[in-house]
C-alpha cells in the first residue's frame, strides 16, 4: 500500500501536538500544568488521555509498591531535573474520578514523565498503522517500537547501549518483534556530583545502586516505560526479584568491578540476537 507522506506527516504532527498540549510539564498551558497549579481538592475536568495515563500510572504505583510514583515531580526538581513545583505527597491522594482527576491535598502535583513517553509511542504507532504504514522503526527518547519487517526482509534489530561506556557502545542487540522496548538508566546531569534523574520515592532522593540501566519488553510502550522506570528506582536485588517474580521481560546491566554484569528475566533472552 502506498502511503501519502503529507497525510502521514500531518496525522503524526497532530498526535504529537495533542500529547504535548495535554501532558507536557514544561508548558504552562498544558492540561497537566493547569491541574498541578489548581489548589483545590475538587475533581478537575481533564482530557480523556490524561485520565487514561494517570489511571495507568496509579495502577503501576500500586503494582510496584510505590516504586513508580506519579507525585514525585517536586523531588525531581529539587535535585536539578524537571520543572514541577508543589508539595511532596503520596500518590494514593490522587484519584481519577469520572471525567476528572482529584487530589486529596491541594498542593499535590502529577508527574507522568515516567510513563507519558511510552503512551506517546503507542499513539504514534497506532497512527502510523492507521495511515497505512506497515514497515517502520520508531524511537522516542529510549523507547522503541517496530512495525513489520526491515526493508531487507529480516526482523528489525535494536541495540541496547552499554550504560557505563565513555562513548556510545553496544551491549546487546535484540529483535523486539511485536513488543515495545523501553530502557531507563541513571543519567548524571542534575545538581553537582553524580546525581541520577530517577528518584527513589521511598527515600526522597536519587536512586543510585549498581544498576546502570534496565531495558523492558512489553506488549505496549506505556507499560514498558513505567516498568523500566520503576525497576531503576528500586534497590538492585529488589528490582531483579520483582522482575523475576512477575515474569517481566527485562535486561539489567549492572556495574560489577571492571566489567558489566547482566541479568535477564522473563523471556528477554529469547529476543537477543547478539
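Residue numbers (this note's numbering): 646 to 919. Backbone N, C-alpha and C define an ideal beta-carbon position, used for all residues, glycine too.
Would you identify the three-state DSSP class for residue i, choosing helix, strand or coil?
{"i": "residue 729", "result": "coil"}
{"i": "residue 723", "result": "helix"}
{"i": "residue 607", "result": "With the chain covering only 646 through 919, there is no way to say anything about residue 607."}
{"i": "residue 770", "result": "helix"}
{"i": "residue 676", "result": "helix"}
{"i": "residue 906", "result": "strand"}
{"i": "residue 684", "result": "coil"}
{"i": "residue 712", "result": "coil"}
{"i": "residue 697", "result": "helix"}
{"i": "residue 853", "result": "coil"}
Buried or exposed for residue i, please, with buried defined as at least 16 other CB atoms from any protein chain shown within 10 angstroms of its CB.
{"i": "residue 813", "result": "exposed"}
{"i": "residue 856", "result": "buried"}
{"i": "residue 659", "result": "exposed"}
{"i": "residue 829", "result": "buried"}
{"i": "residue 685", "result": "exposed"}
{"i": "residue 891", "result": "exposed"}
{"i": "residue 650", "result": "exposed"}
{"i": "residue 795", "result": "exposed"}
{"i": "residue 824", "result": "buried"}
{"i": "residue 821", "result": "buried"}
Spell out the partners DSSP gives residue i in its beta bridges.
{"i": "residue 745", "result": "690, 742"}
{"i": "residue 830", "result": "858"}
{"i": "residue 825", "result": "863"}
{"i": "residue 819", "result": "803, 917"}
What is the residue span of the alpha helix (DSSP H) that residue i lies within?
{"i": "residue 668", "result": "650 to 668"}
{"i": "residue 885", "result": "881 to 890"}
{"i": "residue 868", "result": "866 to 878"}
I need the straight-line Cα distance from residue i to residue j, nearest angstrom please.
{"i": "residue 809", "j": "residue 902", "result": "11 Å"}
{"i": "residue 791", "j": "residue 916", "result": "13 Å"}
{"i": "residue 935", "j": "residue 760", "result": "Residue 935 falls outside the range modelled here, since the chain spans only 646 to 919, and no answer is possible."}
{"i": "residue 906", "j": "residue 816", "result": "11 Å"}
{"i": "residue 683", "j": "residue 753", "result": "9 Å"}
{"i": "residue 705", "j": "residue 757", "result": "11 Å"}
{"i": "residue 721", "j": "residue 728", "result": "8 Å"}
{"i": "residue 723", "j": "residue 776", "result": "43 Å"}
Got a sec, what are the start and stop residues for the beta strand (DSSP E) residue i sits in?
{"i": "residue 895", "result": "894 to 901"}
{"i": "residue 782", "result": "781 to 785"}
{"i": "residue 608", "result": "Since the displayed the chain opens at 646 and closes at 919, residue 608 lies outside it and no answer follows."}
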